[in-house]
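Scroll down for the structure; my scribbles are underneath it.
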Amino acid sequence: RNSQWWKRKRATGICHYCGLKFLPAELTMDHLIPLVRGGRSEKFNLVPCCKNCNSQKQQMLPWEWDVYLDRLKP
Numbered sequence: 001r002n003s004q005w006w007k008r009k010r011a012t013g014i015c016h017y018c019g020l021k022f023l024p025a026e027l028t029m030d031h032l033i034p035l036v037r038g039g040r041s042e043k044f045n046l047v048p049c050c051k052n053c054n055s056q057k058q059q060m061l062p063w064e065w066d067v068y069l070d071r072l073k074p
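Here the sequence shown is numbered in UniProt numbering, starting from 1 and rising by one per residue.
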């Protein structure tokens with residue numbers, strides 16, 4: 001969380017999931033593939049996301065998250 005790589009990634013201020021802009025300090029670190037589902041804490045698996053998306057995504061895999069979002073559309 002304190003690495004320069006993560007600070008640059010978070011500095012964009014863009015949530016990976018919803019694409020909305022936030023203050024960098026408001027973004028959390030999310031694992032694309034959750035740790036409990038076999039993911040690892042490596043660069044390719046870490047993205048900045050807003051707290052709302054992070055709490056909604058929970059332990060979903062990327063494809064499960066996409067299906068979830070599709071169901072929310074009218």
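Don't be surprised by glycine CBs; every beta carbon is placed ideally from N, CA and C.
Remember, it's a predicted structure, so these values are computed and weren't measured experimentally.
Exercise for the section: Assign residue 49 to one of three DSSP states: helix, strand, or coil. Expected result: Here residue 49 refers to the residue found at position 49 when the sequence shown is read from its first residue. Reduced to three states, the DSSP call for residue 49 is strand.
Problem - Whether residue 47 touches residue 30 by CB criterion (8 Å) - result: Taking the first residue of the sequence shown as position 1, residue 47 is located at position 47. Taking the first residue of the sequence shown as position 1, residue 30 is located at position 30. Cβ atoms of residue 47 and residue 30: closer than 8 Å.
Exercise for the section: Can you tell me which of 43, 7 and 26 puts its alpha carbon nearest to the alpha carbon of residue 33? Expected result: The residue given as residue 33 occupies position 33 in the sequence shown. Cα-wise, what sits closest to residue 33 is 43.
Problem - Member of 35, 41, 38 and 7 whose CA lies at the smallest distance from the CA of residue 27 - result: As a working note, residue 27 is residue 27 in the sequence shown. Nearest option by C-alpha distance: 7.
Exercise for the section: Report the residue ranges of all alpha helix (DSSP H) runs contained in full by the UniProt domain "HNH nuclease" (2-55); include only those spanning at least 4 residues, in chain order. Expected result: 4-11
Exercise for the section: Measure the alpha-carbon distance for residue 9 versus residue 2 and round it to whole angstroms. Expected result: Start at 1 with the first residue of the sequence shown, and residue 9 comes out as number 9. Start at 1 with the first residue of the sequence shown, and residue 2 comes out as number 2. About 11 Å.
Exercise for the section: Could you check the C-alpha separation between residue 5 and residue 22 for me, to the nearest Å? Expected result: The count along the sequence shown starts at 1 and reaches residue 5 at position 5. The count along the sequence shown starts at 1 and reaches residue 22 at position 22. Their backbone Cα atoms lie some 18 Å apart in a straight line.
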